[in-house]
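Have a look at the structure below before the remarks.
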Amino acid sequence: MFVVFGRPGAGKSTVSQAAVRLLGDGDGSKVCTGKLSNVDEFLYIYLDLDVCIPQWMKGNFAKGVYPTLAERIEFTSNACDYVTDKINFAQNKNQPDNKALIPIISFSFVNTDMRVEFRKRFPHSEWILVDTSMEVAEERILSREDHFYKGSGDIQNEEEGDSTRKTIESSDTDDNSEWEFNPVDYPHVILDGNDEVATNAKKIVDVIRNQLLNQK
C-alpha cells in the first residue's frame, strides 16, 4: 500500500491520479491491471479518502471548524474499514491469479493521531509526502471551485441546518483549534509539491516499481 499525503492544497489527489494513469489500463476507480517494465503484471486500486468525510464534517470545514480528537479517531477508524473492504473486494476478484495488489491511497493526514491510527491498521504501508509551503497550499485552495475545504480563513456566521450539526460542539474544544500540518516522524518519501504534476507522478510510479522489484 502507498499513501500519498500532505497538507490540504498540496496536490495529493492530482498527483496520485496522474500516477495511477501511468500504471496500466485504468484510472484505479475499479480494480485495474498494472503493466510496468521489468515487473510482473499486478493489480491496483486508487482510493481518495475524502469520500469518507461525512457531510456535517465537510460543512464544518467550509466554516473553518476542524474535527476534535475523538472525531478524528472515529473518522480514521471508518476510513480504515472502507479501505479494508475495498482491498478485500479486490483480493476476491484477484482469485485465482494471485497477482500482487497495489492500493494507492490519497488523503491529507494532517494530524499525527490520524497517521498513528492508520499505520496501526496498515503497518506495512509506504508513505509519500507531497511537500508544499502553507502559502502555496493556501493559494491552491483559494483557486478551487466546489470543494468543501476552504483553507484556514475566518469562520463564517451562517446557519446550515443538519449538515453542520456538530459545529458548536467542535468549536468549544481545545484539540481542534488549529488544523496545521504536523511534522512527520517516521520514514517517508518526500516529493517537492512545486514540481510539475507529471514529474511527481513518475516518481510515485518509480517508488511502486522499486517495491515490486524488491518483492520478486
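Numbering (our numbering), first residue to last: 58 to 273.
Here a beta-carbon is modelled for each residue, glycine too, at the ideal position from N, C-alpha and C.
If contact is defined by three or more beta carbon pairs under 8 angstroms, each pair taking one atom from either stretch, is the region 261-269 in contact with the region 63-81?
yes
Give the straight-line distance between the Cα atoms of Asn233 and Ser163, rounded to the nearest whole angstrom.
Residue 233 sits at position 176 when you count from the first residue of the sequence shown. Residue 163 sits at position 106 when you count from the first residue of the sequence shown. At Asn233, the pLDDT of 49 sits below 50, so the modelled position is not reliable and the matter cannot be decided from this model.
Check for me: the beta strand (DSSP E) holding Leu186 runs from which residue to which?
Indexing the sequence shown from 1 puts residue 186 at position 129. Run containing Leu186: Glu183 to Asp188, per the beta strand (DSSP E) assignment.
Output yes or no for whether 9 angstroms exceeds the beta carbon distance between Tyr101 and Leu158.
Your numbering for residue 101 matches position 44 in the sequence shown. Your numbering for residue 158 matches position 101 in the sequence shown. In this structure, Leu158 lies closer than 9 angstroms to Tyr101 by Cβ.
Asp263: first and last residue of the uninterrupted alpha helix (DSSP H) it sits in
Counting from 1 along the sequence shown, the entry for residue 263 is found at position 206. Note, Asp263: alpha helix (DSSP H), Val254 to Gln272.
Check each candidate in Pro160, Leu126, Arg197 and Leu248 and name the one with the smallest Cα separation from Thr169.
Residue numbering aside, residue 169 sits at position 112 when the sequence shown is read from its first letter. Residue Leu126 is the option with its Cα nearest to Thr169.
Using DSSP's beta-bridge definition, name the partner residues of Ala157.
Position 100 of the sequence shown, counted from the first residue, corresponds to residue 157. Under DSSP, Ala157 forms a beta bridge with Phe99.
Pairing CB atoms from the region 238-248 with CB atoms from the region 167-183, are three or more of them under 8 angstroms?
yes
Can you tell me where the beta strand (DSSP E) holding Gly91 begins and where it ends?
For the purposes of this step, residue 91 is taken as the residue at position 34 of the sequence shown. Note, Gly91: beta strand (DSSP E), Cys89 to Gly91.
Meets three-Cβ-pair contact criterion under 8 angstroms: the region 100-117 and the region 128-144
Taking a cut-off of 8 angstroms for Cβ pairs, the region 100-117 and the region 128-144 touch, as three or more such pairs fall below it.
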